[in-house]
Each structure stands twice: as C-alpha cells, then as structure tokens.
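**Student:** Taken in sequence, the protein lines are chains R and A.
Residue numbering for the first sequence follows the working numbering, starting at 1 and increasing by one per position.
Residue numbering for the second sequence follows the working numbering, starting at 1 and increasing by one per position.
First, the structure itself, so that you have it in front of you.
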Amino acid sequence: MENTKNHAYQKELFDRLRKSQSLKRAEECFARVIKGASWWLLEKRKPSLQDVEEVICRKCPLEKGLQRRKIKKCAKNILGVITRAAEEKTIIKFDCEEGLHGFVSAIAQADKIYGYVGGCYRKKDISTQILQIFSAFLDTIIKEAQKEMELSKLYETLRPRAIALSTVHTVHRLISSTLDFNELLPRIARLSLQIMRAQRCSIKLVDSKRKVLLPKVTVDLRQKNIRLKKVRVGRWAPGKAVKFGRPIRGRDYLATPLIDEDVIGVITLYDKLDKKPFTTFDQEIMSTLAEQAVIAIKNAQLYKEQEKLTMGTIKSLAKVLDTRAPGTYIPRTSFVKIAMAIGQQMHMDEDELKSLEYASILHDAGEIFVPEEVLAKPAKLTGEEYEMVKEHPAAGVAIIKHMKALKSATPIILYHHENYDGSGYPKGLKKDMIPLGARIMAVVSAFEAMITKKPYRVAKTLGEATEEIKANAGTQFDPKVVEAFLKVLKKKDIRALLEKELYGPGRAA
Amino acid sequence: MDLAGLRKSNIHLKILRFFHENQASIDTPRGVATWIGEDRLKVKRALEDLVKLQILIAHRTTSTTGYSYTRDAKLISKIAKILEQSKPS
Chain R
1 MENTKNHAYQ KELFDRLRKS QSLKRAEECF ARVIKGASWW LLEKRKPSLQ
51 DVEEVICRKC PLEKGLQRRK IKKCAKNILG VITRAAEEKT IIKFDCEEGL
101 HGFVSAIAQA DKIYGYVGGC YRKKDISTQI LQIFSAFLDT IIKEAQKEME
151 LSKLYETLRP RAIALSTVHT VHRLISSTLD FNELLPRIAR LSLQIMRAQR
201 CSIKLVDSKR KVLLPKVTVD LRQKNIRLKK VRVGRWAPGK AVKFGRPIRG
251 RDYLATPLID EDVIGVITLY DKLDKKPFTT FDQEIMSTLA EQAVIAIKNA
301 QLYKEQEKLT MGTIKSLAKV LDTRAPGTYI PRTSFVKIAM AIGQQMHMDE
351 DELKSLEYAS ILHDAGEIFV PEEVLAKPAK LTGEEYEMVK EHPAAGVAII
401 KHMKALKSAT PIILYHHENY DGSGYPKGLK KDMIPLGARI MAVVSAFEAM
451 ITKKPYRVAK TLGEATEEIK ANAGTQFDPK VVEAFLKVLK KKDIRALLEK
501 ELYGPGRAA
Chain A
1 MDLAGLRKSN IHLKILRFFH ENQASIDTPR GVATWIGEDR LKVKRALEDL
51 VKLQILIAHR TTSTTGYSYT RDAKLISKIA KILEQSKPS
C-alpha cells in the first residue's frame, strides 16, 4: 500500500517536473553556461542498467557509432555514479567511456529519493561551482513542485467537503423558510433525494405511544402510486434507526434518525441512482441534514400549536362577545372561507391570509360597545347614532391590541368600513390607500350583512346581494375585489357551504 | 437557448461543469457564483436558463432559491458529451 502510494507520488512529482516551467527556465539558463549538455530525468529510485542505457546512453549523440559492449560499459559507469549520488545526496560529476562530461543529482527530500536529474554529452569539463548553483536551483524547483502537489491534494480533499457543507447550508435555508408542516416534510424528502442521488425517500414520525412509526411522506421517483406503511419501532431499517438512535446503513438503504431530545422520527433513503452503495460520507451528510430537519420540524410543530392557540383565543373571544346577541359576532364558516378564497385569488401570501382569517372572525367585535337598540334599529340612524356605529372599527382594534399575534389583523379591522371612493370611515381612505385585506373584508362584510336574517331586517337573496355588490363596484368596493368575489361565489364547494349555513341542508336560495 | 447553444456561453458551461462534477450539490446563486468565480447576477440569469432547459431543478422558497442537477440519465449523458467537447484548454 505504502509502495503504491510512493509510486503514485513519484509519478506525479515527475509529471509536474516534466511540465515545470521553472525547470525549463533553469535548463535554458544553464544550457547557456554548460553549452552542449543535454538534460534527462530518470524516474526510478533504483534504476537498472537497462534504464540507464535507454534514458541516457541511447540518447547520446555518439550512440549510433558505438558498439553495444561500449554502451553497456558506459551505462554501468553512470549507474555507479547514480548510486553514489543517491547515497551522498549531492550533485556528482562524471566522465563517460567516450570522454564526454556529465553530472547527476538525486531528486530527494530528507531520506526519500524520487529519481534523478542530470546532464551529459558535454565535451568540456563542467565547473563544480556552476553545478552547485544548479543543485540549489533544482532543490527549489523540487520543493515548488511538491508544494504544488500538496496544494492540489488539499484542494481536491477540501473542495468536495466545502461544496457538501455549502449544500447542507443551502438545505438549511430552504427548509427553515417554511413553517407549514404539510409543505416542510415533502421538501425535506425531495432535498434529501437530491443530495443523496437516491430513488426513494420516506419520512416517518414516531407516534405518541412510541411504538409505531407513522408514514408522513414518501417520494419515489420511479413509482406513481406509493403505499404509505406504518412500521413498528425496532423493525426494518427505519424502526431500528429509531430504536437504537443511530443511522442504519445497508448497501441500498440509509435510515437516519431525527433526534431532538428523543428520537422523533426517521428519514430513510433507498437505491442510489448510480446503483452504488451508500457510504460513510453519505451517512455523515444525512446526519447533519437530519439535525437541521429536526429543528425545522420542531419549529413547524411549535408554529402549528401557536396558531391553534391563537385561533382558539380568537374563537373564545368571539364566543364571549356573541353571548350578548347570539349570531351577531361569530361569522359563519362560509364567510371566512369566502374572504380567504378572495385573498387567494388576489395572490395574498400565507401571512396575509392568516391575518385576513383572524380579521374575518373579529372584524365587528367593536360593535359590543354600540348599544343594542342602535344596532337593531329598523329605521334610519340619527347623526349621533351613526357616530356611535362609526366608532366600532376602532373599538374592535382596542379589544385585540394587546394580542401580539393579531397585530397584523388590526388594519383590516380598522379600515373594513372604508369605501373605495373615499366616502367611508373612519379615515375616508381611497382606493389602494385602503389595505387589501380591508377592501376584501368590506365586500364580504357587506355581503354577509345583506344575506343574513336579522330580527329587524329582511334578508336579501344571494342573487339580490350579488347584484348589489356588483352595482357598488368602483364606488363602495374595489372592482378587482368584486371580480374575485364573483369568481369565488361560483365555486361549488363554497356555494354549497353558504347555502347550507344560510338555509339548512338541501335547501338552495 | 438550447442545449447546443450552451457550448457558446462560458458561464453556462462553467455552471454545467460544476453541477456535473458535483451532482449531489444544491446551492444558491451566490454559492454557485463563488464556486465558479463569476458575477452573482450573471450566474443567477444563467441558472434560470438552465432551469428552463430542465438541466437544473429550482427549489424555490420566499427567501431564496436552491438549484440542483437533473436526475435524467439521458440528459446527463448529453451534457457529459458537451462538456467533453468544450474542455477548457
């Protein structure tokens, strides 16, 4: 093994020396001083007589006229000089059989000899001082070649690891950017497949009793239909990885546990694209990726819990408010869905949609401060009464302002009675100055008011209410929102839910 | 741009070579620009060209996009030929 390594090193060193510009320059430079000499490199540590014959003597300008016996004798002589150069590790001059002058120097570092460099076929003697300078030059060139080799080796070793590290960092960024559990797990699976160049990835999470692994996502690039199977903890590679809390690697599979304080699940990869086995390096990379996946999964779980808590709080608040006048403060699910669907039509992002959902539930919470007789008055409101009603958006904001999670919903609640033409309240904002959520809420809230039966008012039919919304597009409502609203209202599921909530099951408007 | 056209663009070839040699890599435009020593914005445009040609897969999120190499064996083989013919001197 060591010999093979040395041989490879020697070969590479010689290749570099052959291509070395520094050595070429040195040769050119010394060729002017040592006129007539030819240069050679001998690649073997212990060259044979034949090597010397082939590399040195057969290239001699006199070779054609020489007898075989003479060449052999000359080669033997030079081989003796080479052996001395190896022992003394210095540059040695020699005279060959034909009276030509030459020199040889070992290419060596410490005790190791990699080969020899020399010059030959010169008619005049070579100055020892010049050879000493050449020797010093040669030493520098060899060191330079060795340094280049070291750097190249370092580059070859470090670069793939640096790229792998960068990949892991990118994956971390990609998976940390989502808190949506349903989006996160498939993303982790796809990224794992990409990094490992594998065919299938399955993510399973441990159930609450810690006995079974529940399949959450499987991505198989070969099959369209995938059966998600439960696995007992301790069985198969995924089960064993969870039971023992360490990666389980086989030729065609790699199961990596997802470890937080305890094992929460497992990522299993199967069948590499190039059909090669999974390696220790793969295992290391997957373990790092799994550590990051756990953080992202825990964050998504915490976010989901936080969201449930916020929604629970909002619903409780609405319930408390609703006790005053049942049916007044809790909007029907269908209206929340309509608002959300309009938001999606208008390309709102996840956070904006969440705010819209919260605002849909609590937009009229401030009406609790308006006397019941004013809200329920069947006749036109007096100026004073109207002023009281106009206060309800600000009052609604006052109710929720201490709940940080609802902060983003406050502009929607505050401005949902603004009109598109600037004739609304509380600020008389116009067009795009009104937040999009508030413009959506204005349409949904008006629609809700029109079609909901109240003790003091007859409800409009769906058709009548829709026509009125259309008629007010551009004045009271944002025409684009109205357009989205009309599209949403045509959706079968939303229509069915709305009719069921308004008129009971099986009855249409 | 098509597959044949890639031969004429140095930056596209550099990106192809990077992903072909590091097929397990997923990286951002900034990362790829660092590895191949090119301007980030030019790299970003070239990455999107390669996505259109289905040579790269874009993993898009709100904050960044990660790019990774195709898994299509036939396409990889075609790219190998292009890279072989366009070897840097």
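Glycine included, each C-beta is placed from N, C-alpha and C at the ideal position.
Taking the straight line between their C-alpha atoms, what separation do you get for A86 of chain R and A106 of chain R?
**Tutor:** Stepping through the first sequence from its first residue, residue 86 of chain R is reached at position 86. Stepping through the first sequence from its first residue, residue 106 of chain R is reached at position 106. The alpha-carbon atoms of A86 of chain R and A106 of chain R are separated by roughly 6 Å.
**Student:** Spell out a yes or no on whether the segment 238-248 of chain R and the segment 173-190 of chain R are touching, meaning 3 or more CB-CB pairs, one atom from each, closer than 8 Å.
**Tutor:** No contact exists between the segment 238-248 of chain R and the segment 173-190 of chain R.
**Student:** Apart from the five residues just before and just after Q146 of chain R, which ones in its own chain have a Cβ nearer than 8 Å to its Cβ?
**Tutor:** The sequence position of residue 146 of chain R within the first sequence is 146, counting from 1. Only L13 and Q109 meet the Cβ criterion.
**Student:** Beta-carbon separation of V217 of chain R and A237 of chain R under 9 Å?
**Tutor:** Walking along the first sequence from the start, residue 217 of chain R turns up at place 217. Walking along the first sequence from the start, residue 237 of chain R turns up at place 237. It is not a contact, given that the beta carbons lie outside the stated cut-off.
**Student:** Enumerated in chain order, which unbroken segments of the beta strand (DSSP E) with a length of 3 residues or greater are wholly contained in the segment 236-304 of chain R?
**Tutor:** Listed in chain order, the complete beta strand (DSSP E) runs (minimum 3 residues) inside the segment 236-304 of chain R are 253-259 and 263-272.
**Student:** Is the beta carbon of L41 of chain R closer than 9 Å to that of L79 of chain R?
**Tutor:** The residue you call residue 79 of chain R lines up with position 79 of the first sequence. The residue you call residue 41 of chain R lines up with position 41 of the first sequence. It is not a contact, given that the beta carbons lie outside the stated cut-off.
**Student:** Can you tell me which residues form a DSSP beta bridge with C201 of chain R?
**Tutor:** In the first sequence, residue 201 of chain R corresponds to position 201, counting from 1. Beta-bridge pairing links C201 of chain R to R:V219 and R:L269.
**Student:** Would you call L165 of chain R buried or exposed, if buried means 16 or more other Cβ atoms sit within 10 Å of its Cβ?
**Tutor:** Taking the first sequence and counting its residues from 1, the one referred to as residue 165 of chain R is at position 165. L165 of chain R comes out exposed.
**Student:** Take the Cβ of L49 of chain R as the centre, count every other Cβ of all protein chains shown within 10 Å, and call the residue buried at 16 or more, exposed below.
**Tutor:** On the first sequence, position 49 is the one that residue 49 of chain R refers to. Exposed: under 16 other Cβ atoms inside 10 Å.
**Student:** As a quick exercise: from R:R222, R:R246, R:F281 and R:G383, pick the residue whose alpha carbon is nearest that of R161 of chain R.
**Tutor:** In the first sequence, the residue the question calls residue 161 of chain R occupies position 161. Minimum Cα distance to R161 of chain R is reached at R:F281.
**Student:** Does any CB atom of chain A fall closer than 9 Å to the CB of H347 of chain R?
**Tutor:** Counting from 1 along the first sequence, the entry for residue 347 of chain R is found at position 347. It does not: the Cβ of H347 of chain R has no partner Cβ on chain A nearer than 9 Å.
**Student:** R515 of chain R touches chain A at which residues, Cβ-Cβ below 8 Å?
**Tutor:** Chain R is shown only over 1 to 509; residue 515 of chain R falls outside these bounds and no answer can be derived.
**Student:** Taking only three categories from DSSP, how would you classify Q345 of chain R?
**Tutor:** Translated into the one-based positions of the first sequence, residue 345 of chain R becomes position 345. If DSSP states are grouped into helix, strand and coil, Q345 of chain R belongs with the helices.
**Student:** Just to confirm before moving on: does the CB-CB distance between I412 of chain R and G437 of chain R stay below 9 Å?
**Tutor:** Reading the first sequence from its first residue, position 412 is the one you call residue 412 of chain R. Reading the first sequence from its first residue, position 437 is the one you call residue 437 of chain R. Yes; because the gap between Cβ atoms is below 9 Å, this pair is in contact.
**Student:** Is the CB-CB distance between I36 of chain A and I57 of chain A below 9 Å?
**Tutor:** Locating residue 36 of chain A in the second sequence gives position 36, counting from the first residue. Locating residue 57 of chain A in the second sequence gives position 57, counting from the first residue. Against a cut-off of 9 Å, the Cβ pair of I57 of chain A and I36 of chain A comes out as no contact.
**Student:** To which residues of the same chain is P257 of chain R closer than 6 Å at the C-beta, ignoring the five residues directly before and after it?
**Tutor:** On the first sequence, residue 257 of chain R is found 257 positions in, with the first residue counted as 1. Excluding sequence neighbours, P257 of chain R sits near A241, V242, G245, V263 and V266.
**Student:** For the candidate residues R:Q199, R:V33 and R:V206, whose alpha-carbon lies nearest to that of D125 of chain R?
**Tutor:** On the first sequence, position 125 is the one that residue 125 of chain R refers to. Considering only alpha carbons, the answer is R:V33.
**Student:** Look up H101 of chain R in the DSSP assignment and give the residues it is bridged to.
**Tutor:** As a first step, residue 101 of chain R is located in the first sequence; it is residue number 101 there, counting from the start. In the DSSP output, where bridge partners are listed per residue, H101 of chain R has R:D95 and R:R122.
**Student:** Quick one, are the C-beta atoms of S68 of chain A and Q10 of chain R less than 9 Å apart?
**Tutor:** If you number the second sequence from 1, residue 68 of chain A lands on position 68. If you number the first sequence from 1, residue 10 of chain R lands on position 10. The answer is no: Cβ separation not under 9 Å.
**Student:** Since Q54 of chain A meets chain R, which of its residues come closer than 9 Å, beta carbon to beta carbon?
**Tutor:** The sequence position of residue 54 of chain A within the second sequence is 54, counting from 1. Going along chain R, no residue has its Cβ under 9 Å from Q54 of chain A, so there is no contact; the nearest lies around 14 Å.
**Student:** How far does the alpha helix (DSSP H) with A379 of chain R in it reach, from first residue to last?
**Tutor:** Counted from its first residue, the first sequence places residue 379 of chain R at position 379. First-last for A379 of chain R: undefined, no H or E at that position.
**Student:** Would you say R40 of chain A lies against chain R (beta-carbon separation less than 9 Å)?
**Tutor:** The residue labelled residue 40 of chain A in the question sits at position 40 within the second sequence. It does not: the Cβ of R40 of chain A has no partner Cβ on chain R nearer than 9 Å.
**Student:** Does the beta carbon of S77 of chain A come closer than 9 Å to any beta carbon on chain R?
**Tutor:** Position 77 of the second sequence, counting from 1, holds the residue named residue 77 of chain A. Answer no: the Cβ-Cβ gap between S77 of chain A and chain R never drops below 9 Å.
**Student:** With H, G and I counted as helix, E and B as strand and the rest as coil, what does DSSP make of Y420 of chain R?
**Tutor:** As a first step, residue 420 of chain R is located in the first sequence; it is residue number 420 there, counting from the start. In this structure, Y420 of chain R counts as coil in the three-state DSSP scheme.
**Student:** How far does the alpha helix (DSSP H) with A58 of chain A in it reach, from first residue to last?
**Tutor:** One-based indexing of the second sequence puts residue 58 of chain A at position 58. Per DSSP, A58 of chain A belongs to no alpha helix (DSSP H); it is in the beta strand (DSSP E), L56 to R60.
**Student:** So, helix, strand or coil for L214 of chain R, using DSSP?
**Tutor:** Here residue 214 of chain R is taken as the residue at index 214 of the first sequence, counted from 1. Three-state result, L214 of chain R: strand.
**Student:** With three or more beta-carbon pairs closer than 8 Å as the criterion, would you say the segment 406-422 of chain R touches the segment 370-383 of chain R?
**Tutor:** Too few Cβ pairs lie closer than 8 Å, so no.
**Student:** Under a Cβ-count criterion, where at least 16 other Cβ atoms within 10 Å of its own Cβ denotes burial, should M1 of chain R be classed as buried or exposed?
**Tutor:** The count along the first sequence starts at 1 and reaches residue 1 of chain R at position 1. Summary for M1 of chain R: the model assigns pLDDT 48, below 50, so the residue's position carries little reliability; its value from the coordinates is reported in the next sentence. So M1 of chain R ends up on the exposed side.
**Student:** Apply the 10 Å Cβ neighbour rule to H523 of chain R and answer buried if 16 or more other Cβ atoms are within range, or exposed otherwise.
**Tutor:** Not covered by the structure: residue 523 of chain R. The range shown for chain R is 1 to 509.
**Student:** Considering only DSSP beta bridges, list what G115 of chain R is partnered with.
**Tutor:** Numbered from 1 along the first sequence, position 115 holds the residue referred to as residue 115 of chain R. DSSP lists R:I107 as partners of G115 of chain R.
**Student:** By the criterion of Cβ-Cβ separation under 9 Å, what are the contact partners of G31 of chain A in chain R?
**Tutor:** Taking the second sequence and counting its residues from 1, one reaches residue 31 of chain A at position 31. Chain R residues near G31 of chain A: I163, S166, T167, H169 and T170.
**Student:** Within 8 Å, do at least three Cβ pairs link the segment 22-32 of chain A to the segment 65-80 of chain A?
**Tutor:** Yes: the two stretches touch, three or more of their Cβ pairs being nearer than 8 Å.
**Student:** Pull up the CB-CB distance for D274 of chain R and D252 of chain R, whole angstroms please, since I reckon it's below 8 Å.
**Tutor:** One-based indexing of the first sequence puts residue 274 of chain R at position 274. One-based indexing of the first sequence puts residue 252 of chain R at position 252. About 12 Å separates the two Cβ atoms, so there is no contact after all.
**Student:** Could you tell me whether the Cβ of I57 of chain A comes closer than 9 Å to any Cβ of chain R?
**Tutor:** By 1-based counting over the second sequence, the position of residue 57 of chain A is 57. Yes, contact with chain R.
**Student:** On the DSSP letters alone, give me the boundaries of the beta strand (DSSP E) that Y155 of chain R sits inside.
**Tutor:** As a working mapping, residue 155 of chain R is identified with position 155 in the first sequence. Unbroken run through Y155 of chain R is the alpha helix (DSSP H), T128 to S176; no beta strand (DSSP E).
**Student:** Could you tell me which chain C residues have their CB closer than 9 Å to the CB of I195 of chain R, listed as they occur along the chain?
**Tutor:** Of the protein chains in the structure, R and A, none is chain C.
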